[in-house]
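What follows is a short report on a single structure.
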Ligand code: CUA
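Numbering (this note's numbering), first residue to last: 2 to 187.
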């Protein structure tokens with residue numbers, strides 16, 4: 002029957018399918034430019050060792066002196082660049098942030114790909130060695146949150162859980178430990 006002219010209904014169907022294909026095709030570049038899923042902020046190459054040095058400096062600058070499960074707790078001021086390192090199999094440091102303040106969250110990895118997942122929110126980001134991603138973040142809800150690794154990174158992947166503490170507005174400089182004013186010189 003292929004030599005007979007195409008039936009009208011089939012022609013309409015083909016036209017609709019083709020137009021739909023073109024719409025989907027156009028959505029790819031459009032979504033890339035307009036979609037809200039694109040990461041905000043900056044991207045740069047970084048040597049893993051240089052990134053580790055930045056994290057260590059960050060801990061020296063704003064560390065509270067306290068530790069949480071052996072990981073240093075850091076309370077950076079509002080507006081600061083904050084650093085989080087993913088490594089087999091931990092997130093360093095523990096971040097203590099202020100609700101409503103804006104930060105630039107830097108993410109990178111020491112070794113292999115890790116996945117930043119802020120639990121219980123649906124916030125996910127790929128953490129890749131050799132790249133420093135600076136994301137603009139504003140913690141909107143106070144509380145204690147877990148950072149889960151959602152990229153299989155080795156035998157201890159399931160143990161890779163970090164922590165973010167968000168203090169309610171107005172209590173930023175009075176975390177669980179001593180007031181920041183007293184610990185400023187540490
Ligand atoms: Cu890190 Cu899985």
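For each residue, glycine too, the CB sits at the ideal point set by N, CA and C.
- Secondary structure at residue 18: helix, using DSSP grouped into helix, strand and coil.
- Contact between residue 165 and residue 148 holds: their C-beta atoms lie close to 6 Å from each other, under 8 Å.
- Short of 6 Å from the beta carbon of residue 49, and not among the five residues preceding or following it, lie these beta carbons of its own chain, in chain order: 111 and 130.
- Annotation for residue 6: no beta strand (DSSP E) segment contains it, and DSSP assigns it neither H nor E.
- With a cut-off of 7 Å, the C-beta of residue 163 is classified as distant from ligand 1, since no heavy atom of the ligand falls inside that distance.
- Excluding five sequence positions before and after residue 143, the CB atoms of its chain that fall closer than 7 Å to its own CB belong to 100, 167, 168 and 169, given in chain order.
- When distances are taken from the beta-carbon of residue 152 to the heavy atoms of ligand 1, the shortest one is below 7 Å.
- Judged by beta-carbon spacing, residue 118 lies beyond the 8 Å limit of residue 127, meaning their Cβ atoms are not closer than that value.
- Remark: fewer than three beta-carbon pairs, one from each stretch, lie closer than 8 Å, so the segment 150-163 and the segment 58-68 are not flagged as touching.
- The DSSP-derived three-state label of residue 112 is coil.
- A direct Cα-to-Cα measurement between residue 89 and residue 22 gives close to 43 Å.
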